Amino acid sequence: MGTLSLRARLATTIAGAAGTMSRLSGRGDGSVIGGAIGLRVEPDLVRLLAAGRQIVLVTGTNGKTTTTRLITAAIESLGREVASNAFGANMEAGLVSALGRDRAAPFGVLEVDERYLAAMTEATSPRVVTLLNLSRDQMDRAAEIWMVARRWREVLAAAPDSRVVANADDPLVAWAAGAARRVTWVAAGQRWHEDSWCCPECGSHLRRDDLGWRCGDCGLARPAATWVLDDGKVVDAAGRVRQLSLALPGRANRANAVMALAVADYFGADIDQALPRLREVASVAGRYTQLELRGRRLRLLLAKNPAGWLEAFDVLAPAPAPVLLAVNANGPDGKDTSWLWDVDYRVLRGRPVIVGGERRLDLAVRLEADQVSFELTDSIEAAVDQVPPGILDVIANYTAFQQIRVALGRAE
Ligand SMILES: [Zn+2]
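Per the working numbering, the sequence shown starts with residue 19, numbered consecutively.
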């Protein structure tokens, strides 16, 4: 912010120019390539660009991009400008690009990949670290989540000036955040339990009941929360209850909103002013976009892992509205589709199910096993013709989602 060294200024300028050229040549939004080139000139660029600003980091397996957007909206209700990597470029280069683009913004709200949280916490000295949840992303990363939680725990113990806003209902998150000096606990819920049957502290079996979770051996237990998601309502730290009434669908997004309000509250935001800003957020980086095609109303839902699919099933239009499921197994999706077997598809019985994507046969086998009837499709265009006029919900994993957006002419 005005005090960067000549080399850092040069690196930022080059990063911005490369990003602009990349955008002009049609290769994405340019944020990663620009940041990567800037980092080659000045490897310490994240630290230099973050210095002197109020930084909020947001991480977790699911909901990072949406929560980043919601926190940004809530902080903007203070009338302050926010630099943010709004399109999910969440490794170092993406952070450089976001901070470099808005050099004057006093706030930086930054989504961070789970595996980069430690390095980015050290680099940015964040005022707030937001921990949403932690579960398996792809099968080929299955063993990593315990190591990720351990790294979070270590770095948060070494960052006494950062406040952690954490989901108390996720045992791995709670264990990691428990090492921090100052924590705001949020009862944001946890639908997906498959990755947290064991105590992160001692390895014993965790018990769950209406009050949360507890280890019978070492006594690790769900911390008492000061912010609570209660159905469609948020209860704040003072016990005041407000309706959330978001434009974004589903329980997972209500949880993201409560996390966002807890973060904004820390910065002194008035919740009654912040909440209407959250309600204005209707789609995030193309997710939850609704569009019309030949008399069908398509709703695009991104779900990248078992926990994400469970959340997506939550927001489907009521049966008999049809759903298209699309699965790929390219780089960002993970090469292994065996995670498909971790999802319970029986909730889809009784509605038309269409299966697409490059790995549609893998999913078809899985649906057979759950006795869910389905039809195969070659493309989003064909799928639209396979259903009657009305709603068509589309759930896709990462590259399948991008392909559908391109096919529909909706890629950014
Ligand atoms: Zn234990």
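Quick reminder that beta carbons are idealized off the backbone N, C-alpha and C, glycines included.
Every value quoted in this text rests on a predicted model; they were computed, and no experiment measured them.
CA-to-CA distance, residue j to residue i, given in whole angstroms
| i | j | result |
| --- | --- | --- |
| Ala242 | Trp203 | 7 angstroms |
| Val225 | Leu88 | Reading the sequence as shown, one finds Arg at residue 225 and not Val. Looking at the two C-alpha atoms, the distance is approximately 33 angstroms. |
| Arg315 | Arg199 | 48 angstroms |
| Leu190 | Pro218 | 6 angstroms |
| Arg295 | Asn274 | 14 angstroms |
| Asn108 | Asp354 | 23 angstroms |
| Gly106 | Arg367 | 33 angstroms |
| Trp231 | Ala177 | 27 angstroms |
| Val100 | Gln421 | 30 angstroms |
| Ala122 | Arg317 | 36 angstroms |
| Leu426 | Ala26 | 40 angstroms |
| Ile413 | Asp360 | 16 angstroms |
| Leu24 | Val64 | 15 angstroms |
| Leu358 | Thr21 | 50 angstroms |
| Ala387 | Asp380 | 11 angstroms |
| Tyr134 | Pro407 | 44 angstroms |
| Asp396 | Phe419 | 14 angstroms |
| Trp164 | Gln72 | 29 angstroms |
| Gln208 | Glu60 | 41 angstroms |
| Ser95 | Tyr284 | 13 angstroms |
| Asn185 | Ala194 | 11 angstroms |
| Leu152 | Glu212 | 11 angstroms |
| Val50 | Thr30 | 13 angstroms |
| Asn346 | Val373 | 11 angstroms |
| Val74 | Gln389 | 45 angstroms |
| Arg168 | Thr90 | 28 angstroms |
| Ala136 | Val76 | 12 angstroms |
| Leu67 | Glu393 | 51 angstroms |
Exposure label - residue i; buried when at least 16 CB within 10 Å
| i | result |
| --- | --- |
| Arg258 | exposed |
| Lys82 | buried |
| Arg378 | buried |
| Gly97 | exposed |
| Cys233 | buried |
| Ser391 | exposed |
| Pro215 | According to the sequence as given, residue 215 is Trp; it is not Pro. Exposed, since its Cβ has fewer than 16 Cβ neighbours within 10 Å. |
| Pro350 | exposed |
| Lys352 | The residue asked about is misnamed: residue 352 is Gly in this sequence, not Lys. Its Cβ being crowded by 16 or more others within 10 Å, Gly352 is buried. |
| Pro336 | exposed |
| Glu430 | Low confidence applies to Glu430: its pLDDT is 47, below 50, so where it sits in the model is not reliable, and the reading given next is rough at best. Exposed. |
| Thr142 | buried |
| Ser180 | buried |
| Arg171 | buried |
| Glu129 | buried |
Cβ distance (whole Å) where residue i is taken to contact residue j below 8 angstroms
| i | j | result |
| --- | --- | --- |
| Arg369 | Ala339 | 6 angstroms |
| Leu342 | Leu410 | 6 angstroms |
| Val127 | Val183 | That belief does not hold up - the Cβ atoms of Val127 and Val183 are roughly 12 angstroms apart, past 8 angstroms. |
| Ala33 | Gly56 | 3 angstroms |
| Asn80 | Ala300 | Their Cβ separation, rounded to whole angstroms, is 19 angstroms, which puts Asn80 and Ala300 out of contact at 8 angstroms. |
| Leu293 | Arg260 | 6 angstroms |
| Lys322 | Asp131 | Not confirmed; about 13 angstroms, so no contact. |
| Thr148 | Thr85 | 7 angstroms |
Chain-order list of residues whose beta-carbon lies under 6 angstroms from that of residue i (same chain, five-residue window excluded)
| i | result |
| --- | --- |
| Asn348 | Thr417 |
| Leu311 | Val402 |
Neighbourhood of residue i by C-beta, 7 angstroms cutoff - its chain only, sequence neighbours within 5 removed
| i | result |
| --- | --- |
| Val276 | Val204, Ala206, Trp245, Leu247, Val252 |
| Asp7 | Residue 7 falls outside the range modelled here, since the chain spans only 19 to 430, and no answer is possible. |
| Met157 | Low confidence applies here, because Met157 scores a pLDDT of 48, under 50, leaving its location unreliable and the question unanswered by this model. |
| Ala54 | Ala111 |
Beta-carbon contacts of residue i that lie in its chain and below 8 angstroms, excluding the five residues immediately before and after
| i | result |
| --- | --- |
| Cys236 | Cys217, Glu219, Cys220, Ser222 |
| Asp288 | Ser95 |
| Leu174 | Thr139, Val147, Ser180, Val182, Ala194, Ala195, Ala197, Ala198 |
inquiry  = I need the residues with a C-beta less than 5 angstroms from some heavy atom of ligand 1; please give them in chain order.
reply    = Cys217, Glu219, Cys220, Ser222, Cys233, Asp235, Cys236, Leu238
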